[in-house]
Amino acid sequence: MQISWQQSPSLLSHAPLLGSPQRSVYLESRYLHVQMGALRDCSFPPELPNAIQSVGDQQSFPEKFTVTYKCKEGFVKVPGKADSVVCLNNKWSEVAEFCNRSCDVPTRLQFASLKKSFTKQNYFPVGSVVEYECRPGYQRDHLLSGKLTCLLNFTWSKPDEFCKRKSCPNPGDLRHGHVNIPTDILYAAVIHFSCNKGYRLVGAASSYCSIVNDDVGWSDPLPECQGKTEKKPKLSS
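Right, dumping it as structure tokens:
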């Protein structure tokens with residue numbers, strides 16, 4: 013019987029003598045070893061704390077194959093840290109732990125918004141401090157803190173109401189009528205106008221304290237209360 017060794021001639025010199033029971037097993041294992049070495053296949057990707065591999069049903073990881081991880085629920089990727097490994101020379105590239113606990117996105121406040129330097133962040137470890145600025149229509153109360161801190165239980169500290177509503181100017185008196193102020197004349201308040209008996213309202217029946225340019229002001233000016241037109245008396249002939 014004649015045997016051809018075209019795939020790996022160098023194996024002949026190391027093989028057992030013809031007729032040995034171990035010969036075929038030895039050659040097969042050597043051939044597989046050489047082939048696998050040539051493919052440079054990596055083992056299964058390493059497990060990382062608080063992270064999940066996105067390999068799906070993948071069973072083979074050839075040279076330069078990349079595996080990306082994602083953080084488990086309740087954990088956030090630390091900015092600047094790598095989240096993937098690459099198969100190089102039969103082993104995976106090194107990657108440090110990159111998932112950590114974090115406070116959620118900072119509390120949304122009706123009277124204030126996050127300063128721009130914090131709006132693009134999504135990682136807030138314990139001790140992180142964020143700062144707010146007043147929304148339009150509000151003014152800063154400097155006696156109260158405009159900052160929040162990520163606490164040990166991964167919740168934000170309770171905010172003070174450090175921005176107060178601005179006040180619109182006094183609307184003044186309505187001649188031959190009344191100005192009804194249900195609550196106050198602060199930002200977002202509404203006032204109503206009415207005329208005395210015998211007069212009719214010319215203009216808006218209400219006005220809102222709203223944003224005007226960079227400040228607050230009334231959405232509509234004071235109306236007028238005009239007397240009803242009376243019929244002229246007939247002249248006697």
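Residue 102 in this note's numbering sits at position 90 of the sequence shown, with consecutive numbering throughout.
Note that CB positions come from ideal geometry on N, CA and C, so glycine has one too.
Give the secondary structure of threonine 131 by DSSP, where H, G and I count as helix, E and B as strand, and everything else as coil. It is helical.
| task | Tell me whether cysteine 180 sits in a helix, a strand or coil according to DSSP, three-state version. | result | DSSP, read as helix, strand or coil, puts cysteine 180 in coil.
Closest by CA to proline 61, which one among Cys180, Asp196, Phe87? Selection Cys180, Asp196, Phe87 evaluated against proline 61 yields Phe87 as nearest (Cα-Cα).
_phenylalanine 56 burial status per 10 Å Cβ neighbour count (16 or more: buried)_ = Classification for phenylalanine 56: exposed.
Roughly how many angstroms separate the alpha carbons of glycine 215 and alanine 200, rounded to a whole number?
-> Glycine 215 and alanine 200: Cα-Cα distance of roughly 20 Å.
Helix, strand or coil: which one does DSSP assign to arginine 35? Low confidence applies to arginine 35: its pLDDT is 36, below 50, so where it sits in the model is not reliable, and the reading given next is rough at best. For arginine 35, the secondary structure class from DSSP, reduced to helix, strand or coil, is helix.
Exercise for review: Starting from the Cα of phenylalanine 174, find the closest Cα among Glu106, Leu121, Ile203 and give me that residue.
Suggested key: For phenylalanine 174, the nearest C-alpha among the options comes from Leu121.
Are the CB atoms of arginine 187 and tyrosine 150 within a distance shorter than 8 Å?
Between tyrosine 150 and arginine 187, the C-beta spacing is not below 8 Å.
Query raised in the report: With 16 as the cutoff for other CB atoms within 10 Å, does proline 118 come out buried or exposed?
Result: Proline 118 comes out buried.
Worksheet item: Rounded to a whole number of angstroms, what is the C-alpha to C-alpha distance between arginine 152 and leucine 213?
Response: So the alpha carbons of these two residues sit roughly 38 Å apart.
Quiz item: Taking buried to mean at least 16 other C-beta atoms within 10 Å of its own C-beta, is isoleucine 197 buried or exposed?
Solution: Isoleucine 197 is classed as buried because its beta carbon has at least 16 other beta carbons within 10 Å across all chains shown.
Task: Coarse secondary structure for tyrosine 144, derived from DSSP in three states - done: Judged by DSSP in its simplified three-state form, tyrosine 144 adopts strand.
| Closest by C-alpha distance to proline 171, when choosing among Pro194, Gly189, Cys146, Tyr220 | Among Pro194, Gly189, Cys146, Tyr220, the Cα nearest to that of proline 171 belongs to Cys146.
| message | Can you tell me whether proline 192 is helix, strand or coil according to DSSP? | response | According to the sequence displayed, residue 192 carries asparagine and not proline. If DSSP states are grouped into helix, strand and coil, asparagine 192 belongs with the strands.
Practice item. Measure the C-alpha to C-alpha separation of glycine 264 and proline 181 and round it to an integer number of angstroms. Key: Summary: the structure shown does not reach residue 264, with the chain confined to residues 13 through 249, and so no result is reported for it.
Can you tell me where the beta strand (DSSP E) holding cysteine 111 begins and where it ends? Counting along the chain, the beta strand (DSSP E) containing cysteine 111 begins and ends at 111-113.
Exercise. From glutamate 109 to glycine 139, what does the alpha carbon distance come to, in whole angstroms?
Worked result: The straight-line gap from Cα to Cα measures roughly 20 Å.
N-terminal and C-terminal residue of the beta strand (DSSP E) that alanine 63 is part of:
63-65 is the extent of the beta strand (DSSP E) around alanine 63.
*Just confirm the distance between the C-beta atoms of serine 99 and lysine 82, as a whole number of angstroms; I'd bet it's less than 8 Å.*
At residue 99 the sequence reads cysteine, which differs from the serine that was named. For a cut-off of 8 Å, the C-beta gap from cysteine 99 to lysine 82 is around 19 Å, too long to register as a contact.
message = Let me make sure I understand the geometry here. Which of Arg113, Leu155, Ile193 has the alpha-carbon closest to that of leucine 164?
response = The residue with the shortest Cα to Cα distance from leucine 164 is Arg113.
Can you name the start and end residues of the beta strand (DSSP E) that aspartate 232 belongs to? Annotation for aspartate 232: no beta strand (DSSP E) segment contains it, and DSSP assigns it neither H nor E.
Any idea if glycine 158 is buried or exposed, counting beta-carbon neighbours within 10 angstroms, 16 or more meaning buried? Answer is buried; the Cβ neighbour count reaches 16.
- prompt: Taking the DSSP output, what are the residues bridged to tyrosine 211?
  reply: According to the DSSP secondary-structure assignment, tyrosine 211 is paired through a beta bridge with Gly239.
ask   = For the putative contact between valine 107 and valine 97, defined by C-beta atoms under 8 Å, what is the C-beta separation to the nearest angstrom?
value = With a Cβ gap of about 5 Å, valine 107 and valine 97 count as contacting.
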